[in-house]
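Protein chains in written order, with this note's numbering: chain R, 138 to 237; chain G, 196 to 822; chain D, 17 to 187; chain X, 2 to 485.
Even glycine gets a Cβ: it sits at the ideal position worked out from N, Cα and C.
None of these values were measured; they are calculated from a predicted model.
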Amino acid sequence: MPPIDHYIWLSSILFSIGVIGVLIRRNGIVLLMCVELMLNAVNLLFTAFATNFQDSAGQVFVFFIMVVAAAEVAVGLAILVMIYRNTKSVDISLLDKLKQ
Amino acid sequence: MGSYIAIALFSPLLGFTISGLFGRFLPKNVTGIIASLSVFVSFVCSIMLFNHLHNGGDAVKLETFNWIAAGNISIDFSFLADKLSVWMMMIITGVGFLIHIYSMGYMHHDEGFYKFFAYLNLFIFSMLTLVLGANYVIMFFGWEGVGLCSYLLIGFWYANKEYGYAARKAFIMNRIGDLGLLLGIFMLFNVFGTTDYQTVFSSAGTANSATIELICILLFVGAVGKSAQIPLFTWLPDAMAGPTPVSALIHAATMVTAGIYLVARSSVFFVSSELASTIVLVVGLVTAVVAATIGLKQNDIKKVLAYSTVSQLGYMFVALGVGAYSTALFHVTTHAFFKALLFLGSGSVIHAMSGEQDIRFMGGLSKKLKITHFTFLLGTLAIAGVPPLAGFFSKDEILAKAFYGNGILVFILLAVTSVITAVYMFRLYFLTFHGEFRGTEEQKHHLHESPSTMTIPLIILAILSCVGGGLGLSSLFSHHHFADTFLSSVLTNANIPHPSHLFEIVVLVVSVVLLAIIILMTRSYYTKKQNVPTSADEETGFGRILSKKYYFDEIYKTLIQKPIEWLSNFAHDFIDRKFIDGIVNISGRGVTVCGNYLRRVQTGNVEFYLLAMVVGVIAFLIIYQLV
Amino acid sequence: MLSYIFYILSGLTILTAIMMIAARNPVHSVLYLIITFFLISGQYLLMNAQFLFVVNIIVYAGAIMVLFLFVLMLLNLNKETEPQKSMKTKLAGVISGGLLLVNLLGALVKSNSSTESLPITDVGLVKNLGMVLFTDFVVPFEISSILFLAAMVGAVLVGKRHKGEMEAISE
Amino acid sequence: MVLIIIPFIASLLALFFKDKLAKVLALTASVVQLITNFVLLSGFDLKANAFQYFSSYTWFNSLGLNFTSGIDGIAMVMLLLTNLASVLIILSSWDNNYASMTKFLSLVLLMQGALNGVFLSMNGLMFYIFWELALLPIYFIVGIWGGENRIKITFKFFIYTFLGSLLMLLALIFVYLHTPGDHSFEWDQMIIAQMTGWESTLVLWAFFIAFAIKMPIFPFHTWQADTYSVAPAQGTMLLSGIMLKMGIFGMIRWMYPMAKNACGCNYNIFIILAVIGIIYAAIIAIKQNDIKRVIAWSSVSHVGLIAAGIMTWNKEGLQGGILQSFNHGINVIGLFFIAEIIERRLKTRELTQMGGLAKYSRGFSFLFMVIMLGSVAVPFTNGFTGEFLLLNATFNYHVILGVVSGLTIIFCAVYMLRVYQLAMFGPEKDNGIRIGKLSWSEFVTLGLIVVLVLAIGIFPNWILNISETSVDGLLNIMKGGKTL
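In structure tokens form, the structure reads like this:
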């Protein structure tokens, strides 16, 4: 088995890829997907530590994160659909209404 | 004996309460009688106390309650009737009583009758507190109280704007002096830990002399304000705006002599402080001369008397300055008699003239106002120093003390002032009572002698002015100087040799001759030749300066009032509005400006926010790792 | 032996993740992400976290990603219609992400790195995890159902067509 | 405790009543409050140097926020003032018919409760909470019932005071972190906080600015004249009569003991500022034409003297300061009420528009006169004793400062007499408006004030005795510090 460090490396890389994805894409759906990727990177790390310390709490947390992620996706996608309905696009660059 | 003090104090206070609260519902005469009676009761008490002390009794002390207690400061509300206090009490209640009676006639037509008597009673109460207080703070209480009454009474006819200003001026100028007095009291607290007379005076020797000098000077500042000395004298002539009995009582006989009382009371300190005494002397002397010269050119009957009062007060301060404290008090006494007489006489004249005060429009009144004329003449003779009237003895004594105590220069200046006094008094007398009547026909028709409530006090005062000198006959006439003997136990007089008989005779002769010349000259100038003085604006040269009162008011206005007003505007408009508020506003505007710039950051673009967030997190992490 | 599998899986995960963000077509992105999730599930299996392995596949790869696909199809976004960002922005994004990575790894390097391999445990077995979940964590577990309910209601509410919306669209 | 609860309950109750009934209720509540206060006073041991009626309830343990209250002599004086003044203020609003009077009275009562809380608190955080709570009602009172420009001015006032509050909170937390053992916000713990001289100085300055803004001391005063003149009469009375005393009280109770290790030289700066304020405000007051502004500036001037006196840090000064706080509260309420009475009749506050009012209102001019004299500090009115002690303390502290601050008795006479003269004396204005008869509530309010002015003038010891032991105690605490 590889040491815990390597898991950290892996999840850091995945997390960063998620961040980069959020920053360079304009499609709202892809953005959500990148968020999922980041969540998964964290999940992986949780599990790795749980294994390392032989503590099941970490894995329970992963489970809860998944729960939250599922809920988040449901609501997030609903919002996106809504946005699409209003703007005929899921391009987040068009969303500059926050300015007002 | 303490109860006499209590009654003496309480009775005018009761009178004040009755006439103040119920005066509106009582008939005028009843109010007047109650008020006068209350003062009479005080007078009787003073006589009892006087008797007690005169027969060798100890000073009476009345302790009531502890007034203020905080830390080291403990002030008892207690009173002390020693010889000095009782002496003053006699003058205050005696003259005060006469003036109360007089006022019943004088103020009879005034709608504020009851208010007037309420104030007068309050004044008597305050003045008694002033002289009876057993420590400086109680004295200060009375001191402020009389100032307040003076303010109220000067502004009695408040509907007149000028009178209001005069009242305010009096109060404020007094306050300037009061500050000095207050600081002096603080110094006393600082040095002695108490201001109780008996304690303070008995331990006076323990303090170092520089401190004593300073205390004396501060106390004297207070006296200058109250007794209208240079540079704070200009309020007194303006104070003539008040009803004439007020001028007689407050601004001639009693309140203005509070300064003399204060210095005399502190004689223990003053005697040992050279500098302070010199200041007292110089201020008194300058005031005496300046006020007398101004008096030469005044046309308002009351203003002439007012300047004369200032001048006479200057005399008293000269006496104090040379260390002849009992002499000063002697002069206070005689002055109270004849100056009250003169003021009341002038009041009678004004009464007859229906309010006219300008002597240029009088003349020849002696025919209609016989009693007034006669008593006024006696007063004039007394103040001019004609022997054997009261003024002669007291003035003569001051001259002698100045000569022996300080030297020839002071003596000459005082003598000259004395001559000037005689000149303006006779000028006043002749212009008012002799010659042709210069007023309107209506006034002429209206001329009448005053009612007996007014003339009786005049007569009594005239008698007192004649025989008052008996209180302090000079050594030429008698070996018993009553005032000196009575007061010397409480006053620490400086050691001034008794004048030689030769000196006295010379002074007596010279003054009689001089006075005779003056009387003749003024008579011929004003009565025979019918010269009438011009108004101030028509005067030329030095006369103009005199009639403009050396431009004191104008100088004060330019040097003090204007700068303060300017400062006020400057402070409000510039420092407050521009500067401090400016700083406040700048901080506000700074935020606005920053906000304007920062607003551009808020593009509303979600991507930008995301990027910013990530950059922020990175920055945070970097910092975290570096630290 | 297991280490090699880990490295292979890791390499593939990273690769597919990159493909995911690089793909122009959103549908491709979804597919790459599904692969990524499967690979990550493999990692779970490697760590003997069987329960998570199953849940990950069911929830993520199965439910969530299908939902994504559904939405994409529904909105008809399966073309390369997505407008691209300028190169500058992309570069900024990549640099930021890279910096973040450097930071994270820098932190790791600074700390005491351990070379011990992970132990093999059985905490991740369904049985063990179930015990924990229904004893110690039973309250949060139940509460999560409320969360779901809320999310469901929220999604329906947001997704519902409001009255008068048609006019807004036609404008 | 009861002192805080009564007004709060009454303030809630008042909301449910119609105008007239609300007035009765508010007045009753405040009178009951005052009676309670007197009952407390009668059970108060003047000789004991301790916080009496001490009670402590845990509230938020983790924050160190306990509901600790206690009364010492100083607080007792302040409480008396608060409750007395509240009665006067509510009474003075009897003839006012503001829109939604109910809310107005409710706010006044709320304010009373909060102020009582400030004076009772023995816990730093609780003190802060009540301090802020007292601010809210006045913000609404000025903001809703104020005159022209009220929003802008209220805003300025609010920003100023919040800046002060912020600094105070920081200082409190800072001291909290230095309390021994488990950190605590309790007063008795906070005063033994271990701080170096430098830290103490920081705390001192933070407290000083906080309290100086409230009082206000030059140069933190610019909110004051504006706010006073724009606020409704009762608001001004609350602000000047009681709220300002929070600053003074805060200085005595919190600032000194907590920053006792700070260098005494800081106090020099404070006193100099205070003395500048005395003269500065007095000079400005001389030229103001709005009667409320004159009184406002005079208040700055008087408060400057109080501040200077208590910061000399000797017993006379402190006693004088406490006494004068009480007196100033009474006098300034009287003066502002007089301004209000005149404004009710004449619809103006411009002195130039007045004149000759004395003629048809003898009673009024008498009452006005006595209150004015109290402010001018003529002996036998309450102002004299206070100013006497304060000036004496300042004089002993430093001769020049004493002389300069002594000028106040001259300037005060100048501007007060000017007001009185312009308003009451002189020829009548031909607009035919007169003061006429006072209504019973006006008469009772002013009458009470006049009685107080004279009574305290004659028996100042009554107040001085209450606070004496506590001042001694305070001075003992301070002896541990470097200041002395």
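Any C-beta of chain G under 9 angstroms from that of residue i
i        : result
R:Ile229 : yes
R:Arg222 : no
R:Leu176 : no
D:Ala38  : no
D:Lys126 : yes
X:Asn262 : no
D:Ser102 : no
For residue i: DSSP bridge partner residues
i        : result
G:Asn330 : G:Asp391
R:Pro140 : D:Ser133
G:Leu500 : Beta-bridge pairing links G:Leu500 to no other residue.
Beta carbon proximity, residue i to chain D, threshold 9 angstroms
i        : result
G:Leu806 : yes
R:Val179 : no
For residue i, three-class secondary structure by DSSP
i        : result
G:Asp679 : helix
D:Glu158 : helix
X:Glu149 : coil
G:Val255 : strand
X:Ile72  : strand
X:Thr59  : strand
X:Trp314 : coil
R:Asp192 : coil
X:Gln53  : strand
X:Leu66  : strand
X:Lys483 : Residue placement at X:Lys483 is poorly supported in this model, since its pLDDT is 42, which falls under 50; the coordinates still yield a value, given next. In this structure, X:Lys483 counts as coil in the three-state DSSP scheme.
X:Ser185 : coil
G:Ser269 : strand
G:Glu644 : coil
D:Leu93  : coil
Chain R contact for residue i (CB, 9 angstroms cutoff)
i        : result
G:Val779 : no
D:Phe54  : no
D:Val155 : no
D:Leu49  : yes
CB contact below 9 angstroms: residue i versus chain X
i        : result
G:Asn350 : For the sequence presented, residue 350 of chain G should be read as Gly rather than Asn. So yes, G:Gly350 belongs to the interface.
G:Asp495 : no
G:Tyr301 : no
Is the stretch 60-69 of chain D close to the stretch 131-150 of chain D, with three or more CB pairs under 8 angstroms?
As far as the Cβ criterion goes, the stretch 60-69 of chain D touches the stretch 131-150 of chain D, which means the pair count is three or higher.
Mind listing which residues of the stretch 434-461 of chain X have their C-beta closer than 9 angstroms to chain G's C-betas, in chain order?
Taken in chain order, the members of the stretch 434-461 of chain X whose beta-carbon sits within less than 9 angstroms of a beta-carbon on chain G are Ile459, Phe460, Pro461.
The stretch 432-447 of chain G contacting the stretch 400-410 of chain G, beta-carbon criterion three pairs below 8 angstroms
Result no; under three Cβ-Cβ pairs closer than 8 angstroms.
On the three-pair Cβ rule with 8 angstroms, is the stretch 553-564 of chain G touching the stretch 673-690 of chain G?
Per the Cβ contact rule, the stretch 553-564 of chain G is not in contact with the stretch 673-690 of chain G (fewer than 3 Cβ pairs under 8 angstroms).
Taking only beta carbons into account, state which residues of the stretch 150-165 of chain R come closer than 7 angstroms to chain D, listed in chain order.
If the cut-off is 7 angstroms between Cβ atoms, the stretch 150-165 of chain R has Ile150, Leu151, Ser153, Ile154, Val156, Ile157, Gly158, Leu160, Ile161, Arg162, Arg163, Asn164 near chain D.
Output needed in chain order: residues of the stretch 745-772 of chain G with a Cβ under 7 angstroms from some Cβ in chain X.
Residues Ile759, Glu760, Leu762, Ser763, Asn764, Ala766, His767, Asp771.
Residues, ordered as in the chain, of the stretch 368-381 of chain G that lie near chain X by beta-carbon distance below 7 angstroms
Legend: CB atoms of the stretch 368-381 of chain G lying less than 7 angstroms from CB atoms of chain X belong to residues Arg370, Ile371, Asp373, Leu374, Leu377, Leu378, Phe381.
What are the residues in the stretch 789-805 of chain G lying within 7 angstroms of chain R by C-beta distance?
Correct list: Gln797, Thr798, Gly799, Asn800, Val801, Glu802, Leu805.
Pair every Cβ in the stretch 408-419 of chain X with every Cβ in the stretch 404-423 of chain G, then say whether three or more of these pairs are closer than 8 angstroms.
They do not touch, by the three-pair rule.
Contact residues within the stretch 57-89 of chain D, judged by C-beta distance below 9 angstroms to chain R
Within the stretch 57-89 of chain D, the qualifying residues are Gln59, Tyr60, Leu62, Met63, Asn64, Ala65, Phe67, Leu68, Val71, Asn72, Val75, Tyr76, Ala79, Ile80, Met81, Leu83, Phe84, Phe86, Val87, Leu88.
Using 8 angstroms as the threshold, is the stretch 165-184 of chain R in touch with the stretch 155-174 of chain D, meaning 3 or more CB pairs across them?
Segments in contact, no.
Does the stretch 577-589 of chain G touch the stretch 657-664 of chain G, meaning 3 or more C-beta pairs lie closer than 8 angstroms?
Judged by Cβ distances under 8 angstroms, the stretch 657-664 of chain G makes contact with the stretch 577-589 of chain G, as three or more pairs qualify.
Count the C-beta pairs between the stretch 101-109 of chain D and the stretch 146-154 of chain R that are closer than 8 angstroms, then say yes if the count reaches three, no if not.
No, the stretch 101-109 of chain D does not touch the stretch 146-154 of chain R.
Would you call the stretch 173-186 of chain X in contact with the stretch 146-162 of chain X, where contact means no fewer than 3 C-beta pairs closer than 8 angstroms?
Taking 8 angstroms as the limit for Cβ pairs, the verdict is that the stretch 146-162 of chain X does not touch the stretch 173-186 of chain X.
Pairs of beta-carbons, one from the stretch 388-402 of chain X and one from the stretch 448-459 of chain X, closer than 8 angstroms: are there three or more?
Output reads no: the stretch 448-459 of chain X does not touch the stretch 388-402 of chain X.
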